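To start, the structure under review is shown below, and the notes come after it.
Residue numbers (the working numbering): 35 to 392.
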């Protein structure tokens, strides 16, 4: 047993069932740290202190393994969640939960930045870390605080302004295999996310109402999306050859779900063949929104079609149709014109009355 210093803070070290345990005194004052240490020694001698140790001194690896097992599959993208967890465990390893301090988390953040990782990706990884600590704190009682809440993150600015021209669309479709062409056309005409498209079932397709229901959206709420004639024709054609082996609208030849990674790989190959650069699958969704805005569609209708909970995300497309904003400012001209008209009327000479002589 003993005290030692880590940075400015004094830590206690002792063993429990042959396992080395370290705990911060959370003070840089040597005398106060000694008093805390002496109190802990007294509780250990009385057999009280270790009663609360087993949970409190779980390792970070144990916490993330349990989190992955119990919660990862409930998140929007479990595959991405598991990838973030692997990266976190590689850095924090077998540190005990009490050793994960804001300072150590900040070191992880700086390491990711120096590796060239985008701020939005770092933020998503921190979201997983924050959620894991919240559950460990509130449900498992493995810790007393969430250190992630004391680490600041810069606001990501991964905004893209890339969409397909009609000429690029034609080249891209010509460079695709048939199965990918169908998915791309569906995305361009509905604005749906890739995950929503790949999980779409015939149960969610209503040809009579010309609408599909996405059950696996980003915000975990089902939403109904109306579709146009091109989408109707595509779905009708696929419906004629649908199999009883699966209810999925888009599937592999073996009637299994199409993997998102396989779509991404095939899409990148098609983009390269089409001679295009800097274009991702998600940009098909941007293309859908941009085309609607450019053709005068109301931004709140576009918000509803995209499934955005607030107009903030949809506002990024407003600059594609400045005419819709021009109508708003032109009302100022009408206000001035109305005022000038009223002023002109007020300055007109009044009708003269016949003067009476006394």
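Glycine included, every Cβ here is placed at the ideal spot set by N, Cα and C. Just so it is clear, the structure is predicted and the values come from calculations on it, not from any experiment.
- If you compare the alpha carbons of 261, 367, 133, 259 with that of residue 57, the shortest gap goes to 133.
- Taking all protein chains shown into account, residue 295 has fewer than 16 neighbouring C-beta atoms within 10 Å of its C-beta and is therefore exposed.
- With fewer than three CB-CB distances shorter than 8 Å, the stretch 196 to 205 does not count as touching the stretch 164 to 179.
- For residue 114, the CB contacts under 8 Å within the same chain, skipping 5 residues up- and downstream, are 158 in chain order.
- Cβ neighbours of residue 237 within its own chain (closer than 7 Å, five residues either side excluded): 281.
- By a beta-carbon distance limit of 8 Å, residue 220 does not contact residue 245. Their separation comes to about 14 Å.
- By the beta-carbon neighbour count (other beta carbons within 10 angstroms, threshold 16), residue 305 is buried.
- In the same chain as residue 97, and ignoring 5 residues on each side of it, the C-beta atoms closer than 7 Å to its own belong to 131, 166, 170, 176, in chain order.
- Taken in chain order, the unbroken stretches of alpha helix (DSSP H) that lie wholly in the stretch 210 to 283 and span 4 residues or more are 212 to 224, 228 to 232, 263 to 274.
- Looking from the CA of residue 99, the closest CA among 76, 79, 77, 128 belongs to 128.
- Under the three-pair Cβ rule at 8 Å, the stretch 258 to 277 does not count as touching the stretch 313 to 327.
- According to the DSSP secondary-structure assignment, residue 46 is paired through a beta bridge with 37, 57.
- Distances from the alpha-carbon of residue 65 to those of 314, 45, 174, 78 put 45 closest.
- Per DSSP, residue 332 is not a residue of any alpha helix (DSSP H), being assigned neither H nor E.
- For residue 119, same chain residues with a beta-carbon under 6 Å away, outside a window of 5 residues either side, are 98, 102 in chain order.
- The C-beta distance from residue 160 to residue 187 rounds to 6 Å, short enough to meet the 8 Å contact threshold.
- Residue 285 and residue 339 have their C-alpha atoms spaced approximately 24 Å apart.
- With respect to the 9 Å criterion, residue 234 and residue 270 are not classified as neighbours on the basis of their beta carbons.
- DSSP, read as helix, strand or coil, puts residue 155 in helix.
- In this model, residue 174 and residue 168 are separated by some 9 Å (Cα to Cα).
- Looking at 112, 117, 55, 333, the one whose alpha-carbon comes closest to that of residue 93 is 55.
- Residue 130 is bridged by DSSP to 93.
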